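Q: Chains as they are written, first to last, in the UniProt record's numbering: chain A, 1 to 468; chain B, 1 to 468; chain C, 1 to 468; chain D, 1 to 468. Encoded as structure tokens, here's the structure I'll be asking about.
Protein chains: 4
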Amino acid sequence: MTGDKPREECGILAVWSPQPTDVAGLLHLGLFALQHRGQEAAGMCVSDGHQVVVEKDLGLVSQVFDEARLDQLRLPDARLGIGHTRYSTTGSNLRFNAQPLTVRSSKGILAIAHNGNFVNAKEIRQSLLEGGAVFQTTNDTEVMINLIARYSRLSLVEATAQAMRELEGGFSVVLMDRHTVLALRDSHGVRPLVIGRRPEGGWVFASEPPALTLMGAELVRDVHPGELVWVESGQLHSLQVLEPHPTPCAFEWIYFARADSVLEGIGTHESRVRMGEVLAREAPIQADVVVPVPDSGIGAAIGFSRASGLPFDYGLYKNPYAGRTFIQPTQALRDLKVKLKLAATPAVKGKRVVLVDDSIVRGTTSGRIVQLLRDAGATEVHVRISAPPIKYPCYYGIDTAARKELIASTHSLEEIRRFIGADTLAFLSEAGVRAAIGGPVCLACFNGQYPAGYPHEEPQKEALEQAG
Amino acid sequence: MTGDKPREECGILAVWSPQPTDVAGLLHLGLFALQHRGQEAAGMCVSDGHQVVVEKDLGLVSQVFDEARLDQLRLPDARLGIGHTRYSTTGSNLRFNAQPLTVRSSKGILAIAHNGNFVNAKEIRQSLLEGGAVFQTTNDTEVMINLIARYSRLSLVEATAQAMRELEGGFSVVLMDRHTVLALRDSHGVRPLVIGRRPEGGWVFASEPPALTLMGAELVRDVHPGELVWVESGQLHSLQVLEPHPTPCAFEWIYFARADSVLEGIGTHESRVRMGEVLAREAPIQADVVVPVPDSGIGAAIGFSRASGLPFDYGLYKNPYAGRTFIQPTQALRDLKVKLKLAATPAVKGKRVVLVDDSIVRGTTSGRIVQLLRDAGATEVHVRISAPPIKYPCYYGIDTAARKELIASTHSLEEIRRFIGADTLAFLSEAGVRAAIGGPVCLACFNGQYPAGYPHEEPQKEALEQAG
Amino acid sequence: MTGDKPREECGILAVWSPQPTDVAGLLHLGLFALQHRGQEAAGMCVSDGHQVVVEKDLGLVSQVFDEARLDQLRLPDARLGIGHTRYSTTGSNLRFNAQPLTVRSSKGILAIAHNGNFVNAKEIRQSLLEGGAVFQTTNDTEVMINLIARYSRLSLVEATAQAMRELEGGFSVVLMDRHTVLALRDSHGVRPLVIGRRPEGGWVFASEPPALTLMGAELVRDVHPGELVWVESGQLHSLQVLEPHPTPCAFEWIYFARADSVLEGIGTHESRVRMGEVLAREAPIQADVVVPVPDSGIGAAIGFSRASGLPFDYGLYKNPYAGRTFIQPTQALRDLKVKLKLAATPAVKGKRVVLVDDSIVRGTTSGRIVQLLRDAGATEVHVRISAPPIKYPCYYGIDTAARKELIASTHSLEEIRRFIGADTLAFLSEAGVRAAIGGPVCLACFNGQYPAGYPHEEPQKEALEQAG
Amino acid sequence: MTGDKPREECGILAVWSPQPTDVAGLLHLGLFALQHRGQEAAGMCVSDGHQVVVEKDLGLVSQVFDEARLDQLRLPDARLGIGHTRYSTTGSNLRFNAQPLTVRSSKGILAIAHNGNFVNAKEIRQSLLEGGAVFQTTNDTEVMINLIARYSRLSLVEATAQAMRELEGGFSVVLMDRHTVLALRDSHGVRPLVIGRRPEGGWVFASEPPALTLMGAELVRDVHPGELVWVESGQLHSLQVLEPHPTPCAFEWIYFARADSVLEGIGTHESRVRMGEVLAREAPIQADVVVPVPDSGIGAAIGFSRASGLPFDYGLYKNPYAGRTFIQPTQALRDLKVKLKLAATPAVKGKRVVLVDDSIVRGTTSGRIVQLLRDAGATEVHVRISAPPIKYPCYYGIDTAARKELIASTHSLEEIRRFIGADTLAFLSEAGVRAAIGGPVCLACFNGQYPAGYPHEEPQKEALEQAG
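Dropping the structure here:
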């Protein structure tokens, strides 16, 4: 639900073309396909080999890129560029945190965009400060670009590889100078990044395959964990900088990635259907109808329906205008958020309902949905969650609620069931998630085991406003 | 799809409270629930028995009503008000066409909001002009209010009843002065209008029941065709002005009304499921999976799946950001509208797909969706439409395309099938629609039989810019 | 000073061209030249003989007319149009009060714009209401257009002349249908209106001559009091509807009209210089320097300097950015309005200053300016006002403060002097004003003698929000 | 004239208070008083000793600082801050160039704002790049802050003094960390900077004294050329880092600084009056009236009138709305810029006019004004310019036109006279400027003698878009 889901922090994108093309137009399409990965800011950077133009701002892709901005980016001989969609906390300044970040260095102009987090950013930043560096933001991105710039005698590829060796955490990055595009993933491949090819020989890198499709490119493969790839003379070059230890984030399959994405060869919608099937076997129930929380529970509800034999139905109507800002009418009516978004249809009247969703964060939203169904005449409401309980923070680019707000980190299953008012409640097991996805995954937010390390002290979101 | 669906022209709303209450807040909620009936403009008018305040503008409810506007409307002793959401063609002036329309007359201040059309508006307007009247818009609404004002010696109720007797067409209207709220439907009840009651004794009138729910009211009944109702001294009064000949618009059940609406006692989602079931029996097909065009085909796809036994699946991903304005990247990429909104999921790969939607207007969108599925690996695509072919214009408030653009009015079934590239194509029969809804309905856009008359000459959308 | 000057209520404009021309562009220039007569709203209406397009909104001319709006108005065969700048009280609705007002009547589309007020508007409105008319605004303009429309069997010229005979007060009006432009003044000629001719044979009507100049027209003459003029077949036609009793508003020469205007053959700047000269003779003083309050006191200060022989100097700097909205920093700093706008220059240090301005309304601003001069080292401050004290409200289109706020209507000269902290204070006499202007003028705001009548009861500014 | 005047590049401001105060409110007032020094962007930075908040954007002070932005800056315990108004070329990105620039360094958070230019910025930037630094803008400001940060073992005061020793050119700078405010001028004192004291013991630094006045501070003195001052424990400390060679910019007195400013003890308005007096003696003429180009020529016109005995009059009306953006009506009417801003009053009719202005850059504007006067009936027009001809570019923070556009660098006096259509033309001599100001000044734009050096190669305005 709005405000009660873990949030992805970014989508990234890069394109390289053998001949002049509408790079800004391509990036614009790709960013639109990655809008779900970040709604707070969007930006892109384009080069023709000489000029480098960047445009970025707070807002949705469709808000940031009007005709005037796109015209600024439309260099007649444009051949390469990178793009970014960003989730971030609010604050007018934070506009300056929008990406791509563009700097001039001894290697010329560099632009960078990233998804994820470095767990040792603080230590590296401190060492750079002592060397005389200055930072204008609190972005990890600025740390990485300063690290690369420090190796002023190495080539851009070598300096980037060296930075990869020093940085720890879960991150995917795209990077460009005036001629070359680079893309890389951390050694665990926590955040996704795929490679695509366009018919005329161009290369595209994106967080998810649907961006490739919209840009007219075919999926080639995922960037490997620990790999650095770049385009030189039209060829894709690869350097396996670090030994791969693949543990991609399970939540990409559970919720984040689009339903038409395929990551590491595994379709997200298909794995969600399988999660629902496993869940139906792990936690069966006698009921009349399986109802998804739209849209996040649809895949798992279909799976639950298939495995249980119970009919799937559309028991919750989602108001398509609910995403917009809406002035809450009065103090007394504040509690309407869920009702503005969802309404139970008469299809649930007199029925025993299995309600399927993908997660419970604070529990308040789930409780309100259960109540909606009861008000509409559901006789029983059985809640089935297609993932384990979220108990731990993510240090690799996901904004879960603070740990003390995570209901599962402080309450038992029975307490949660009572809190949300369900007749029964069940979560999918960790084994169930693994089985449904079918590959190695990071489950740190469920079990606290962090494959790519964690910060020495838990990082607090620092604003520029705070002390240095 | 965007730009390829018939469009409802308005949602209307009224509230009357026995004691001072947050009328603006209630109307705001109700309008949000009626947003799907009109996205171009929104407005409301509130009174405390002395002052009458109106705020209206082009835009979505959430855009028009910011804090400042709501504050203007928040009279401390507010007791009644009306609201409106409007679909209209673009044009900066047309802001002046937003409703409610508020006028001063010999009966004091009157405000009016309406949904639908008068087929004899032109003749009545001409007669009023000759009597010295002036018109500031080309709205039917202004014709009605002038007609009522002309009866300066009758009471508001009597004058309104007299106007009902003179006006022909399909329309629902809400009307207020500083003390009273009135609501009425044409004698065929073409456009919906329901009556709700709030726990404290207040009355609410709305185009659809979900507006009542969000405003904390319970559905009492539909306003009857040809009935005029009003609230006086806290009591609901009724006058059956015209003999009822009920033929409500079938498209409300097929597509327009929300999936959680119940009109004339018949649930829309349930009737859509039944349309899918009847369609599966009328036009069965051997296939692997039933895929809805989201969101309009979901109900019928569930019905088709149930009646056919074929599995329902989520084969088309709908980008939730697609409704927003989006600068088309270049001339060459213009054709991307459908791809920006929909993407086929890998669930259709290697499958024979039954694609379920509720209508085909021009055919171009349907053709592109069929192609999306084939590109994603569907081996066969069988299109099933849960309504008959649209062949005729609507004169009662729906903006279908012009007749020559309606593919079904100029092409045979086989021609349409070839145009959209489907393996097979079938539409639900008129009898099937009647059976699925289960009551008398207007099917004029399918069969050209207009129960509430039609204009002597087909009206052209007149802009203020054009000659008087 | 900002917020402490009488305010003109409107500027009006009309153009007629023998061949297609850029009517919108011409009106745009003319409105810019009339911006000082109304800053709250602007609008224009253009016709090519068939279409009539209107664009209007709250804001300055430069804000209302962006490229998009001008494009709407640029009919390829445009030949005539009218325009308006408006001062009005704030309120989001009041957008609907912007002019020109465009209506459809039995005479076809009519557009009207006016400057001034009808003192018997209320009675006429009541009679129209009883005849079945409805009103959408509280503008006098809507009353006039309804009055004209009521004469549905008369020609537009005859109906307008008939309306002139019924309306009382001080007003200038421009009016158009799709072919003709009309212009008229009340029988006292209270508000200005001039006729201009363009080299190619076109006609222009405007509140002040500088609008003609910017539109490339030469001043022909003033419209006579009580005269109705119109363009037919390229000829200017005239009908002296009412016997003229010329008493044009003296404040046009004292303050409102631009310094480069010539009204009734009398230059405003020249008359202001003469007011200063007469004032220097009526109220001489020993001093070192004559300092104008910029910009309103410049003309009179030059005259005072010439007649007195005292040197003119630039003792007050006016911040050119002060007109803009400015967020007052804190409650404690609220009193800064004058300081944000004006600052004393070192030129006044150690000097005995004659401070020249054109009016004192509430007195607070004058008091603060006197203090500014003393703070900067002026040893004496002698205030000279180039008009008599304002004691009475204007019923002919000027928004003076309410009578109880007019310091001169409740305080003696000596009390005002003490209130503003001046060493001496003198106002120009009524005789002095007459002498400096040199023609018959309305001095009602100084002496309470209303040549064009006054309302039976003092009209209160009615908002739409109030009862009908 | 609009678009035909040399433009100041910046205004700077700093405040330090012994106890918590409304620093943002004070800076807001001060920036408003410095608006004339830069209209493209505004910003401020505030600290309470712990937090540092910055808000900046493109636009006027009144546009950038709305309630929301001021609230962001209103730390309850705020004690110090700096502010900036900026002139810059357009371009959406350039928002990122707005000042103050805020960075984190080994010395903690630093904020900096500057006025002027470093002539050796390019060399210093190159050396920093080679040391691994990255730059996000092309601002000189970022060079200076990186230079300071490089001295990571020196204190902030020592590091700043060291940077002053390395930087060449004409510049004034304010700088802050979380506790201290610093202010400095280059060794020639080219750009102004003054010190003020508030009654409660606070310190203020500003480009011009009127900012002090509005902030409630008294002028103490100018910062000396080559001096670094800072506030520590409430005391003002001073370090004369470089030997002073005072040559402040003459154009501050001629045109840039406000008419109520006093710089280096010399009032600007008084010196302008003296320039007019000297000019009248250097280039006397028989005429009837002295007319200033408002507002820039007023001071000199008063002086010319006094010395010549010819009457001063207001022969050009300046439209107070002319500063706003205004859509040019059509291609054909493009040439209206001057007419939209200025109009001749009838005061010049039949007169021999002395037209007084402070500069001629391209000559086109002057030519149009001469024509305006002739069109209004002036029989002769004698142009008198209160400064020498501008022939050379400024490298110290003023944006004159490019040298080839400077009419005086390519044309003789007689050619210019003919170009602008004047009967006679005279410029004030260099000696005349020196005499009127009465102290040593930089006259580089008149004589090409650059006291503070010049770039090895003439710097081109680099955009981020261009190569690094």
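All C-beta atoms in this analysis are idealised placements derived from N, C-alpha and C, irrespective of residue type, glycine included. None of the values given here were measured: they were computed from a predicted structure.
Considering only DSSP beta bridges, list what Pro389 (chain C) is partnered with.
A: By 1-based counting over the third sequence, the position of residue 389 (chain C) is 389. Per DSSP, none; premise fails for Pro389 (chain C).
Q: Do we get a CB-CB distance below 7 Å when we pair Gly377 (chain A) with the residues of chain B?
A: Here residue 377 (chain A) is taken as the residue at index 377 of the first sequence, counted from 1. Answer no: the Cβ-Cβ gap between Gly377 (chain A) and chain B never drops below 7 Å.
Q: According to DSSP, which residues form a beta bridge with Cys10 (chain C)?
A: Counting from 1 along the third sequence, the entry for residue 10 (chain C) is found at position 10. Cys10 (chain C) is bridged to C:Arg86.
Q: Drop a sphere of 10 angstroms on the beta-carbon of Asn447 (chain D), count the other beta-carbons inside from all chains shown, and report buried for 16 or more, exposed for fewer.
A: The sequence position of residue 447 (chain D) within the fourth sequence is 447, counting from 1. By the neighbour-count rule (16 or more Cβ atoms within 10 Å), Asn447 (chain D) is not buried but exposed.
Q: Per the DSSP calculation, Trp203 (chain A) is bridged to which residue(s)?
A: On the first sequence, residue 203 (chain A) is found 203 positions in, with the first residue counted as 1. Answer by DSSP bridge pairing, in chain order: A:Trp16, A:Arg197.
Q: Starting from Gly170 (chain B), trace the beta strand (DSSP E) both ways and give me its first and last residue.
A: Walking along the second sequence from the start, residue 170 (chain B) turns up at place 170. That run of the beta strand (DSSP E) goes 169–176.
Q: To the nearest angstrom, how far is it from the Cα of Ala307 (chain B) to the Cα of Glu282 (chain B)?
A: To locate residue 307 (chain B), count along the second sequence from 1; it is residue 307. To locate residue 282 (chain B), count along the second sequence from 1; it is residue 282. Their backbone Cα atoms lie some 11 Å apart in a straight line.
Q: Look up Asp57 (chain B) in the DSSP assignment and say whether it is helix, strand or coil.
A: Locating residue 57 (chain B) in the second sequence gives position 57, counting from the first residue. Strand at Asp57 (chain B).
Q: Val241 (chain C) and Ala161 (chain C) look like a contact to me (Cβ under 8 Å); what is the Cβ gap, rounded to whole Å?
A: As a first step, residue 241 (chain C) must be located in the third sequence, where it is residue number 241. As a first step, residue 161 (chain C) must be located in the third sequence, where it is residue number 161. With a Cβ gap of about 5 Å, Val241 (chain C) and Ala161 (chain C) count as contacting.
Q: List, in order along the chain, the chain C residues whose C-beta lies closer than 9 Å to that of Gly132 (chain B)?
A: Sequence index remark: in the second sequence, residue 132 (chain B) carries index 132 (1-based). Under the 9 Å cutoff, chain C gives Ser105, Ser106, Leu128, Gly131, Gly132, Ala133, Asn146, Ala149, Arg150, Tyr151, Ser152.
Q: Using a 10 Å radius around the Cβ and a threshold of 16 neighbouring Cβ atoms, would you call Ser271 (chain B) buried or exposed?
A: Taking the first residue of the second sequence as 1, we reach residue 271 (chain B) at position 271. Result: buried.
Q: If you follow the beta strand (DSSP E) that Glu227 (chain C) is in, where does it begin and where does it stop?
A: Position 227 of the third sequence, counted from the start, is the residue given in the question as residue 227 (chain C). Unbroken beta strand (DSSP E) run through Glu227 (chain C): 227–232.
Q: Could you work out which residue in B:Asp140, B:Gly439, B:Asp313 is closest to Ala288 (chain B) when comparing CA atoms only?
A: Along the second sequence, one-based indexing puts residue 288 (chain B) at 288. Looking at the sequence shown, residue 288 (chain B) is not Ala but Asp. The shortest C-alpha separation from Asp288 (chain B) is found at B:Asp313.
Q: With a threshold of 7 Å between beta-carbons, can Pro459 (chain C) be considered close to chain B, or not?
A: In the third sequence, counting from the first residue as 1, residue 459 (chain C) sits at position 459. With a pLDDT of only 46 at Pro459 (chain C), under the threshold of 50, the placement of this residue in the model should not be trusted, and no figure is reported.
Q: Would you tell me roughly how many angstroms separate the C-alpha atoms of Asp140 (chain A) and Ala121 (chain A), rounded to the nearest one?
A: To locate residue 140 (chain A), count along the first sequence from 1; it is residue 140. To locate residue 121 (chain A), count along the first sequence from 1; it is residue 121. About 6 Å.
Q: Am I right that Leu252 (chain B) and Gly226 (chain B) are in contact with their C-beta atoms under 8 Å? What's the rounded C-beta distance?
A: What you label residue 252 (chain B) is simply residue 252 of the second sequence in a count that begins at 1. What you label residue 226 (chain B) is simply residue 226 of the second sequence in a count that begins at 1. It is worth fixing the name first, because residue 252 (chain B) is Glu in this sequence and not Leu. Not really, about 18 Å apart at Cβ, beyond 8 Å.
Q: Checking the sheet assignment: what are the DSSP bridge partners for Ile109 (chain C)?
A: Within the third sequence, numbered from 1, the residue matching residue 109 (chain C) stands at position 109. Ile109 (chain C) is bridged to C:Arg104.
Q: Using a beta-carbon distance cut-off of less than 8 Å, what residues from the stretch 334–357 of chain C approach chain D?
A: Correct list: Leu336, Lys339, Leu340, Ala343, Ala344, Thr345, Pro346, Ala347.
Q: Spatial neighbours of Gly299 (chain D) within its chain, please: CB distance less than 7 Å, with the 5 preceding and 5 following residues excluded, ordered by chain position.
A: Here residue 299 (chain D) corresponds to residue number 299 of the fourth sequence, with the count starting at 1. Correct list, in chain order: Ala259, His269, Arg272, Val273, Gly276.
Q: Taking only the alpha-carbon atoms, compute the straight-line gap between Val353 (chain D) and Ala211 (chain C) and give it to the nearest angstrom.
A: The residue labelled residue 353 (chain D) in the question sits at position 353 within the fourth sequence. The residue labelled residue 211 (chain C) in the question sits at position 211 within the third sequence. When rounded, the distance between both Cα atoms is 24 Å.
Q: Roughly how many whole angstroms lie between the Cα atoms of Arg74 (chain A) and Gly202 (chain C)?
A: Taking the first sequence and counting its residues from 1, one reaches residue 74 (chain A) at position 74. Taking the third sequence and counting its residues from 1, one reaches residue 202 (chain C) at position 202. Going by the C-alpha atoms only, they are around 45 Å apart.
Q: Between the Cα of Asn137 (chain A) and those of D:Val52, D:Gly81, D:Tyr87, spot the shortest distance and give me the residue it belongs to.
A: Locating residue 137 (chain A) in the first sequence gives position 137, counting from the first residue. It should be pointed out that residue 137 (chain A) corresponds to Thr in this sequence rather than to Asn. It is D:Val52.
Q: In three-state DSSP terms, what is Lys318 (chain D)?
A: To locate residue 318 (chain D), count along the fourth sequence from 1; it is residue 318. Of the three classes helix, strand and coil, the one that applies to Lys318 (chain D) here is strand, per DSSP.
Q: Rounding to the nearest angstrom, what Cα-Cα distance links Ser47 (chain A) and Ile12 (chain A) in this structure?
A: As a position in the first sequence, residue 47 (chain A) is number 47, starting the count at 1. As a position in the first sequence, residue 12 (chain A) is number 12, starting the count at 1. Approximately 17 Å, taken between the alpha carbons.
Q: How many whole angstroms separate the CB atoms of residue 470 (chain B) and Ala41 (chain B), which I take to be in contact at a CB cut-off of 8 Å?
A: Since the displayed chain B opens at 1 and closes at 468, residue 470 (chain B) lies outside it and no answer follows.
Q: Starting from Gly267 (chain A), follow its DSSP beta bridges and name the residues at the other end.
A: If you number the first sequence from 1, residue 267 (chain A) lands on position 267. Paired residue(s): A:Val262.
Q: Could you check where the beta strand (DSSP E) with Leu31 (chain A) kicks off and where it finishes?
A: Mapped onto the first sequence, residue 31 (chain A) falls at position 31. Counting along the chain, no beta strand (DSSP E) covers Leu31 (chain A); the unbroken alpha helix (DSSP H) around it starts and ends at 23–33.
Q: Taking 7 Å as the threshold (C-beta atoms), are Thr180 (chain C) and Cys442 (chain C) in contact?
A: Translated into the one-based positions of the third sequence, residue 442 (chain C) becomes position 442. Translated into the one-based positions of the third sequence, residue 180 (chain C) becomes position 180. No.
Q: Near Gly189 (chain B), which residues of its chain fall below 6 Å by C-beta distance, leaving aside the five closest residues on each side in sequence?
A: The residue you call residue 189 (chain B) lines up with position 189 of the second sequence. Pro225, Pro246, Pro248.
Q: Mind the definition here: the stretch 342–358 of chain C touches the stretch 382–398 of chain C only if three or more C-beta pairs lie below 8 Å; say whether that holds.
A: By the Cβ rule, the stretch 342–358 of chain C counts as touching the stretch 382–398 of chain C, because three or more pairs are nearer than 8 Å.
Q: Going by the CB atoms, is the gap between Ile82 (chain C) and Met176 (chain C) shorter than 7 Å?
A: On the third sequence, residue 176 (chain C) is found 176 positions in, with the first residue counted as 1. On the third sequence, residue 82 (chain C) is found 82 positions in, with the first residue counted as 1. Contact flag set, yes.
Q: Is it buried or exposed for Gln35 (chain A), if we count other Cβ within 10 angstroms and need 16 for buried?
A: As a working mapping, residue 35 (chain A) is identified with position 35 in the first sequence. So Gln35 (chain A) counts as buried.
Q: Quick check on Gln449 (chain A) - is its C-beta less than 7 Å from some C-beta in chain D?
A: As a first step, residue 449 (chain A) is located in the first sequence; it is residue number 449 there, counting from the start. The beta carbon of Gln449 (chain A) sits no closer than 7 Å to any beta carbon of chain D.
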